[in-house]
Amino acid sequence: MPKNEKNEAIGLKLSPNLLELLAKLQEVELEDFEMNVGDLEIWIQPGAISAPAVVRPKSTVPLKVKPTGLLEADFIPPIETYLGRVAEVKLGATKSEGGSRGKTYVIGGEAAPAFYSFEKPMPHPPVISVDVFDMKVPLAKAVKMHVKDVLDDPAAWAKLAVEKFGADLLTVHLITIDPLVKNTSPKEAVKTVERVAQAVDVPLVIGGCGDPVKDTAVFEEIAETFAGERFLISSITRDMDVERCAGFVKKHGHVALSFTPMDLNMARELNRRLYDFLPKENIVMDLTTAALGYGLDYAFTNMERARLAALMGDPELAHPMSSGTTNAWAAREAWLEMTPEWEPRELRGPLWEVTTALTLLLAGVDLFMMMHPAAVKTLKDVTQQLLSRSSGNAGKLVEWVSAKI
Amino acid sequence: MSEREVKGKVGIKELSPIDVYKLLPKTNCKECGEENCMAFATKLVNRELAVEQCAPLLKKENAKAYSQLKDMLKPPVKEVTIGEGDKAVKIGGKLVMYRHEFAYFNPTAIAIDVTDEMAEEEMLTRVRKTEGFSFEYIGQTLKLNMIAVRSTSNDPDKFKAAVKKVAESTKLPLILCSLNPNVLEAGLMAAPKSKPLLYAATESNWKEMAELALMYNCPLTVFAPNNLKLLRSLAKTLLTYGVENLVLDPGTFAGDGVADMLNNFAMIRRSAIKQGDELLGFPITGVPMTAWIEKGDAPEELAKWKEAYLAAMLIVRFADILIIHNADGWALLPPVVLRQNIYTDPRKPVAVEPGLKVFGTPGEDAPVMFTTNFALTYYTVASDIENAKVNAYLLVVDTEGIAVDSAVAGRKLTAEKVADAIEASGVGNKVKHRKLIIPGKSARLSGEIEELSGWQVIVGPRDSSDIPKFLQEKWQASY
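Chains as they are written, first to last, in this note's numbering: chain A, 81 to 485; chain B, 13 to 491.
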């Protein structure tokens, strides 16, 4: 605010000595506690001078001695103690660590709710994995316009996502392996992953097609070929051969994404089955992401509950959380051309993804699988600002009240 | 904080209907519409009814029990009403910190701003647009709630004129914004009985603002940017002064400072709910439009974008009011839908209207499928059918808002219900075949459904995302 508040309080057309009057009043009251409210009001009716003609409504508040100066109160931050802590999971491995990645990330490790940094700082920044597909898939127009030149080439897509969109990781979705799509072989899937792994040096997330048998076969081949890379295998589900999957994930040094359909008991159960083979440090969990407007409330609350339970000491939910935030695009409001008052969808769509992402960020998600470059950038900017705890100019905030925009 | 200010309260979750029942008249008079006092007690605990609906309790001889009950059921975050009449907005009244602990009440009220230096036509257009904002979503109409009138002129006469025009053109409650008490009072004079929210009392003007709040019987915002000690001090002072309805603004940082902002919102809400801090037990205001004060030369779209995502974060992190500048639909829709999602009662399954839904222009050989009326299931299935661009009928069976697998297990989805739904829908007159595609997860009802309905059952996919493929392969083959 350019002018200070005191000057503003004096106002333009008012008696310039209102503050003096108030100061005087303060003295009077300190001397004489008998003074009643009626007397007081005569003195401090601030608008009376500018508009004496208007009859004021009568105050209905019981008469009591009004404070004349600020009554001091303390503020003690409400800190809680937590029994549990989220496991730390490392994604990717460098050459010296037995892999070939140029970058690696550690996620998880939280010992307080997400961004309750008045309690504990967030130990690691949440990371973003950008989706790349191994064949042309239908995409929303707002997304497609940014990737149209690389739709046929997962390696080029990967490069674009890392170099231009700022992806921390990449998710290679192996759609073609689906027996009902192209039913390509595990060997071919390996080739696709190979090409992507050579094009970029970030850690990879290996996405299956959803067929429990085929995914197991493909994941096993990839796990073996890329042994030691600490890829995130997305995902291990209850209807797969969990023992076998956990076995090859462990043997070849990768990380399992434990996926369950929005049910914390199922999540606990699947994690328990994984514990027989895998240490906690090799498990990330995905509790299912529903889009804004299409069940985000369930997804949000499920994740928030899981994280709070983990902090309260439930070890079976104390894993970093991953979110398929791209699911935001399943909402028709994200991609559909609507009537003009809701357009342009080129902005509405990515905002839909950002809103879904930020909602889940505050529930405790550590790894976001995302699609639109603007959504990726915004989430990165916001998390960076949150992590750096850069302080804002509190004095400037007041400007919004009178700002000419 | 002193002992007196922070008193432990029974957590909302621990409050049992028995505790409430003990204080009721126990006459089972049914005046409240419930079968007996115990049923009324249960609904009170669930916040489905208000204490005042018990007529005998309002009699003089029950005054003590009434006030005990009021205190017992008092939310740790005070409910504050802004405005008058049927468009008055209630904010706050929160019982819990996290929605899964009970439910959130009083959805975040969203205000759009106008200023006293806008041309009249622009101002009224914004007001009309705000009032006219409307989006149909799962059977609800999502709306905006308030107008914030800001004084950019710092001129009492201009502000008065602006408030007068706005008040005459809308019934939406107002937030009057100026840190100059004289300007604010001029605005109040233009709409003296409309009970607007005053913005705001600060360290330097609190006394004049308190007087205005008392004289015009208005709720008052307390503004102490990034300073919770000052915020508590101001709240204490104003409460002692006699102003009972406060709203807290700890400051909204749009860029640097956003971590502090989230901390402040969380600390205020936790202090109120978990520690019973009465000085912070008030609704909280977020002002995403602070995104505009640091816009600089950047394109407007960026400020709109930032404002929208700040609004979303604040809806999740406990804001009870949001003041927003940009009124573009694309930017408002995501936060408005998010607000609906977050404020959905998690205790109740979300259901859609049962009945026959039509996709595309189905002919008499179009497939007929069924699903449950659990909203999430229904909308997922509906969107999968739409994406497949097929012409089809979808029969929505009333399972009391339960998803397919749980409904089958819990006998909410039975062959009888399916047969009745087919009959009631009249779908038999619209198609010439008698083939029903059922959800894969209800496969075990196949035989019984065939028996009761006379329709041939084809077991469909377990996940609706496979519907397009299923229709292409199985339906066309079977037909």
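Every residue, glycine too, gets a C-beta built ideally from N, C-alpha and C.
Annotation for LEU56 (chain B): the continuous alpha helix (DSSP H) segment containing it runs 49-57. Residue environment: PRO359 (chain A) is assigned as exposed (fewer than 16 neighbouring CB atoms within 10 Å of its CB, all protein chains considered). Per DSSP, the continuous beta strand (DSSP E) segment holding THR384 (chain B) begins and ends at 380-384. In this structure the stretch 447-459 of chain B touches the stretch 469-485 of chain B; the number of beta carbon pairs closer than 8 Å is three or more. The three-state reading of DSSP puts CYS230 (chain B) in coil, since its state is none of H, G, I, E or B.
Per DSSP, the continuous alpha helix (DSSP H) segment holding CYS325 (chain A) begins and ends at 322-331.
From the beta-carbon of SER283 (chain B), the residues of chain A found nearer than 9 Å are PHE155, ILE156, PRO157 and PRO158. Considering only A:ASP281, A:LYS267 and A:ASP229, the residue with the shortest C-alpha distance to GLU243 (chain A) is A:ASP281. Per DSSP, PHE213 (chain A) is one residue of the beta strand (DSSP E) stretching across 207-213.
According to the DSSP assignment, GLU148 (chain B) belongs to the beta strand (DSSP E) that extends over 147-149. Where GLU91 (chain B) is concerned, the enclosing beta strand (DSSP E) starts and stops at 91-94. When the alpha-carbon of LEU81 (chain B) is set against those of B:GLN65, B:VAL299 and B:VAL89, the nearest one is in B:GLN65. With a threshold of 8 Å between beta carbons, VAL478 (chain A) makes contact with chain B. Following the DSSP letters along the chain, one finds TYR110 (chain B) in no beta strand (DSSP E), marked with neither H nor E. GLY308 (chain B) counts as exposed, since fewer than 16 other beta carbons sit within 10 angstroms of its beta carbon. Across the stretch 273-298 of chain B, CB contacts with chain A closer than 7 Å involve LEU274, ASN275, ALA278, MET279, ARG282, SER283, LYS286, GLN287 and LEU291, in sequence order along the chain.
Taken atom to atom, the span from the alpha-carbon of VAL393 (chain B) to that of ALA241 (chain A) is near 32 Å. Only residues of its own chain outside the window of five on either side were considered, and among them LYS369 and MET381 have a CB closer than 6 Å to the CB of LEU406 (chain B), listed in chain order.
When DSSP states are grouped into helix, strand and coil, ALA331 (chain B) belongs to the coil group.
A distance below 6 Å between beta-carbons, with the five flanking residues on each side excluded, links VAL348 (chain B) to the following residues of its chain, in chain order: LEU154.
Taking a C-beta cut-off of 8 Å against chain B, the contacting residues of the stretch 367-396 of chain A are ALA370, LEU372, GLY373, TYR374, GLY375, LEU376, ASP377, TYR378, PHE380, THR381, GLU384, ARG385 and LEU388, listed in chain order. Taking 8 Å as the threshold, the shortest C-beta distance from THR39 (chain B) to chain A does not fall below it. The shortest C-alpha to C-alpha distance from GLU428 (chain B) to any of B:ASP167, B:GLU462 and B:GLU47 is the one to B:GLU462.
With at least 16 other beta carbons inside 10 angstroms of its own, LEU249 (chain A) counts as buried. The way I'd put it, the stretch 449-468 of chain A doesn't touch the stretch 286-299 of chain B; fewer than three beta-carbon pairs between them come closer than 8 Å. Excluding the 5 residues flanking it on each side, LEU397 (chain A) has same chain C-beta neighbours closer than 8 Å at LEU344, ALA347, ARG348, ASN351, MET365, ALA386, ARG387, ALA389 and ALA390, in chain order. Relative to the Cα of LYS176 (chain B), the nearest Cα in the group B:ALA160, B:SER190, B:ASN166 and B:GLY199 belongs to B:GLY199.
Taken in chain order, the unbroken stretches of alpha helix (DSSP H) that lie wholly in the stretch 188-263 of chain A and span 4 residues or more are 221-227 and 234-243. With a cut-off of 8 Å on Cβ pairs, the stretch 373-380 of chain B is in contact with the stretch 443-457 of chain B, counting three or more such pairs. Not one beta carbon of chain A lies nearer than 8 Å to the beta carbon of LYS155 (chain B). Chain A places a beta carbon closer than 8 Å to that of THR392 (chain B), counting this residue as a contact. Counting C-beta atoms within 10 angstroms of its own C-beta, MET109 (chain B) has 16 or more neighbours from the protein chains shown and is therefore classed as buried. For LYS102 (chain B), the CB contacts under 6 Å within the same chain, skipping 5 residues up- and downstream, are GLU91, THR93 and ASN118 in chain order. Close to THR252 (chain B), with beta-carbon spacing below 9 Å, are these residues of chain A in chain order: LYS144, VAL145, LYS146, PRO147 and LEU151. Using a CB distance below 8 Å, the part of the stretch 194-220 of chain A facing chain B consists of PHE195, TYR196, SER197 and PHE198, ordered along the chain.
Neighbours of THR174 (chain A) across chain B, judged by C-beta separation under 7 Å, do not exist; the nearest C-beta is about 30 Å away.
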